[in-house]
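*Asks:*
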Amino acid sequence: MTWLWSNLDLVGELILVHLALSVPAIILSLVISVPIGWLAHRYRWSRGVLLSLCALLYAIPSLALFVALPPITGLGLRSPVNLVIALTLYGIAVIVRTAADAFDSVQPEVRQSATAMGYSAAGRFWGVELPLAGPVLLSGLRVVVVSTVSLATVGAVIGVQSLGSLFTDGFQRGIQAEIITGIVATILLALALDWLCVLTGRMLMPWSSPRRSRRPALSDVRSIEADPA
Amino acid sequence: MNLLFDAIAWILDPANWSGAGSIPQRLWEHVSITAVVLVIASAIALPTGALIGHTGRGREPAVRVSGGLRALPTLGVLTLFGIWLGIGLTAPVIALVILAVPPLLAGAYAGFESVDRRTIDAARAVGMRESQIVGKVELPLGLPIVVGGIRSATLQIIATATLAAYIADEGFGRFIFQGLRTRDYAEMLGGSILVIILALVIDGLFAIMQRLVVPAGVRASRTRELRSRPTRSRAVVGQPITEGNQE
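If you're matching them up, the sequences are chains R and G in order. Number 1313 in the working numbering belongs to position 94 of the first sequence; there are no gaps in the numbering. Number 92 in the working numbering belongs to position 81 of the second sequence; there are no gaps in the numbering.
Spelled out as structure tokens, the structure:
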């Protein structure tokens, strides 16, 4: 505890840095995944290809991806952007799958009624399909929030600052309190962002009953799929 | 792209294929630590998961534990055990087991749970004992999902074992950290490529295994389903309609 009190500034600063790494990655992966997931849902031929690509991507160990990205992106190894891109890729790998499932979960009758009422393809997507796919999409997003926040710490070993720096620094200097602080801070940050997602979801999608959004995310179906560490 | 060629040259360099810390030795370390961790974690998680899935009891805590552990940063767990237990393989093995349990547990209970309740009732009705229901009905039917859990756990172990080279002298991850220290990017990238290949190969093997463990009965009904699906394209590419000219 004494370590924490005397290093409160450092921890606070690292939390902000950590947010700057993980929040853009989470938002980007959501924005990119929704159209891809819709494609996978809409065309049968693309489903297999897209979902297998995502599964392959997810199989790549994170540290290896962090190291392998710079020659492709042209960025430096220690560039935070490099890490954000890697985290975004992992996020995409998870959300595309959920997004495809989410659009599948919209009943065909509902889609047909919308068309019959005169919705254009785009209007139907924004006005009917997306909102109805929302709750399932949210569950995928929550998984990504937690795993991204946790995964971002790995960047510390190649020199990208984050809450993970508390692990590397604590390990090198043998300070147990520093590592524990890092673990607790990372978990709390993940839970806080997760909670924020649930809250936003409830505001944007009041129709999804509170019963159904009763904390499934951390433990939902996807928990079978582990993080790429 | 030059960097990539350097890395491939590093992988193909005969000097890296023999002696201490060579590629085959690191591969062996990586694979054996993955296997050891997988066996220990499976011994803990699979029976527990099977029991939860079979009885339906203790589901909530299991879900919460396997969910909550997701948020646990792997690097934090590794470094913490690293300073507790010092150098050597004990620290990474324990840390890796802790991190591998959630996906295994989730796969096991999801697999056993996925079996249709009516099938189990039927098995009980024809006089099967509980142990027979578990072994002859639930296990074969749930096995694809259980193997799915083992698959993601294995990938997770391979990935985390790479990271574990930060606290111990083992596996392909050593190349990454060595290269990082000596500013030898070719070695880092070479090591990363090796890890990626290893992960993808193992993933492919599990994908095949996951198909093979589907019981024949289930597979039979699935094939029928495929065949009965109306294919619209056939009408288009099928026999051209011949007009007139009919005898």
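C-beta: ideal position from N, C-alpha, C; glycine also. Values in this document were obtained by computation on a predicted structure and should not be read as measured data.
(1) With H, G and I counted as helix, E and B as strand and the rest as coil, what does DSSP make of Gly79 of chain G?
(2) Out of curiosity, what's the CA-to-CA distance linking Ser1225 of chain R and Leu1385 of chain R?
(3) Let me know the secondary structure DSSP gives Val1250 of chain R once reduced to three states.
(4) Do we get a CB-CB distance below 8 Å when we pair Val206 of chain G with the residues of chain R?
(5) When the distance is taken between beta carbons, is Ile1406 of chain R closer than 8 Å to Leu200 of chain G?
(6) Any idea if Ser1324 of chain R is buried or exposed, counting beta-carbon neighbours within 10 angstroms, 16 or more meaning buried?
(7) Please say whether Leu1282 of chain R and Pro1289 of chain R have beta carbons closer to each other than 8 Å?
(8) Cutting at 8 Å between CB atoms, please list the residues of its own chain near Ser33 of chain G, excluding the five before and the five after it.
(9) Considering only their Cβ atoms, is the gap separating Ala210 of chain G from Leu166 of chain G smaller than 8 Å?
(10) For the structure I just gave you, are there three or more beta carbon pairs, one from the region 1389 to 1404 of chain R and one from the region 97 to 107 of chain G, closer than 8 Å?
(11) Give me the subset of the region 214 to 230 of chain G whose CB atoms are less than 8 Å from a CB atom of chain R, sorted by chain position.
(12) Straight-line CA distance for Gly1389 of chain R to Ile1399 of chain R?
(13) What do you get for Phe16 of chain G, buried or exposed, if any count of 16 or more other CB atoms within 10 angstroms of its CB means buried?
(14) Does DSSP put Asn1226 of chain R in a helix, a strand or coil?
(15) From Ala172 of chain G to Val145 of chain G, what does the alpha carbon distance come to, in whole angstroms?
(16) Whose C-alpha, out of R:Ala1319, R:Ala1375, R:Glu1348 and R:Gly1401, is nearest the C-alpha of Gly1359 of chain R?
(17) Report yes if the CB atom of Ala11 of chain G is closer than 8 Å to the CB atom of Ala175 of chain G, and no otherwise.
(18) Using a Cβ cut-off of 9 Å, pull out every chain G residue sitting near Gly1393 of chain R, in sequence order please.
(19) Short of 9 Å Cβ to Cβ, which residues in the region 1279 to 1300 of chain R face chain G?
(20) What number of angstroms, rounded off, separates the C-alpha of Ala31 of chain G from the C-alpha of Glu181 of chain G?
(21) Quick one: list the residues of chain G neighbouring Ala1352 of chain R, beta-carbon separation under 9 Å, in chain order.
(22) Please classify Asp4 of chain G as buried or exposed, where buried requires at least 16 neighbouring CB atoms within 10 angstroms.
(23) Kindly say whether Gly64 of chain G, judged by its beta-carbon, lies nearer than 8 Å to any beta-carbon of chain R.
(24) Take Ala1239 of chain R and list the residues in its own chain whose beta-carbon comes closer than 7 Å to its own, dropping the five residues that flank it on each side.
(25) DSSP state of Arg140 of chain G, grouped into three classes?
(26) Please list, in chain order, the chain R residues whose beta carbon lies closer than 7 Å to that of Leu191 of chain G.
(27) What residues of chain G sit near Thr1168 of chain R, judged by a beta carbon separation below 9 Å?
(28) Judging by CA-CA distance, which residue of G:Gly69, G:Pro114 and G:Val224 is the nearest neighbour of Gly78 of chain G?
(29) Using a Cβ-Cβ cutoff of less than 8 Å, which residues in the same chain neighbour Lys147 of chain G once the five nearest sequence positions on both sides are dropped?
(30) Between the region 1246 to 1258 of chain R and the region 1417 to 1425 of chain R, do at least 3 Cβ pairs fall closer than 8 Å?
(31) Kindly indicate which three-state DSSP category Met220 of chain G falls into: helix, strand or coil?
(32) Can you look up Arg1261 of chain R in the DSSP assignment and give me helix, strand or coil?
(33) What residue does the alpha helix (DSSP H) around Glu1397 of chain R start on, and which one ends it?
(34) Considering Cα atoms alone, identify which of R:Leu1382, R:Leu1408, R:Phe1322 and R:Arg1263 is closest to Trp1345 of chain R.
(35) Count the other CB atoms within 10 Å of the CB of Ile1246 of chain R; is the residue buried (16 or more) or exposed (fewer)?
(36) When the cut-off is 8 Å and only beta carbons count, does Ile1234 of chain R lie next to chain G?
*Replies:* The relevant details are as follows:
(1) Under the three-state reduction of DSSP, Gly79 of chain G is assigned to helix.
(2) Using only the alpha carbons, I get a separation of about 14 Å.
(3) For Val1250 of chain R, the three-state secondary structure derived from DSSP is helix.
(4) The beta carbon of Val206 of chain G sits closer than 8 Å to some beta carbon of chain R.
(5) Contact: no.
(6) Per the 10 Å Cβ criterion, exposed.
(7) Pro1289 of chain R places its beta carbon 8 Å or farther from that of Leu1282 of chain R.
(8) Asn27, listed in sequence order.
(9) Cβ atoms of Leu166 of chain G and Ala210 of chain G: closer than 8 Å.
(10) Fewer than three Cβ pairs drawn from the region 1389 to 1404 of chain R and the region 97 to 107 of chain G lie within less than 8 Å of each other, which leaves the two stretches out of contact.
(11) Using a CB distance below 8 Å, the part of the region 214 to 230 of chain G facing chain R consists of Asp214, ordered along the chain.
(12) Distance between the alpha carbons of Gly1389 of chain R and Ile1399 of chain R: 9 Å.
(13) Classification of Phe16 of chain G: exposed, given that the 10 Å Cβ count is below 16.
(14) It is coil, neither helix nor strand.
(15) If I take the Cα positions, the gap works out to 33 Å.
(16) Per the Cα distances, R:Ala1319.
(17) For residue 11 of chain G there is no data in the structure shown, the boundaries of chain G being 12 and 258.
(18) Ordered by position in chain G, the residues that pass the 9 Å Cβ test against Gly1393 of chain R are Ile94.
(19) So the list reads Ile1279, Pro1280, Ser1281, Leu1282, Ala1283, Leu1284, Phe1285, Val1286, Ala1287, Pro1289, Pro1290, Ile1291 and Leu1296, given in the order they occur along the chain.
(20) Approximately 12 Å between the Cα atoms of the pair.
(21) Taking a Cβ-Cβ cut-off of 9 Å, Ala1352 of chain R has no neighbours in chain G, whose nearest Cβ is about 23 Å from it.
(22) One cannot answer for residue 4 of chain G here, as it falls past the ends of chain G, which runs 12 to 258.
(23) Not an interface residue.
(24) For Ala1239 of chain R, where only same-chain residues beyond five positions count, there are no Cβ hits under 7 Å.
(25) Coil.
(26) Ile1377, listed in chain order.
(27) Chain R is shown from 1220 up to 1448; residue 1168 of chain R falls before or after that span and cannot be answered.
(28) Comparing Cα positions, the closest option is G:Pro114.
(29) So the qualifying residues of the chain are Ala134 and Met139.
(30) No contact exists between the region 1246 to 1258 of chain R and the region 1417 to 1425 of chain R.
(31) Reduced to three states, the DSSP call for Met220 of chain G is helix.
(32) In this structure, Arg1261 of chain R counts as helix in the three-state DSSP scheme.
(33) Residues Gln1395 to Leu1423.
(34) Per the Cα distances, R:Phe1322.
(35) Exposed: under 16 other Cβ atoms inside 10 Å.
(36) Among the residues facing chain G, Ile1234 of chain R is not included, as its CB has no counterpart in that chain under 8 Å away.
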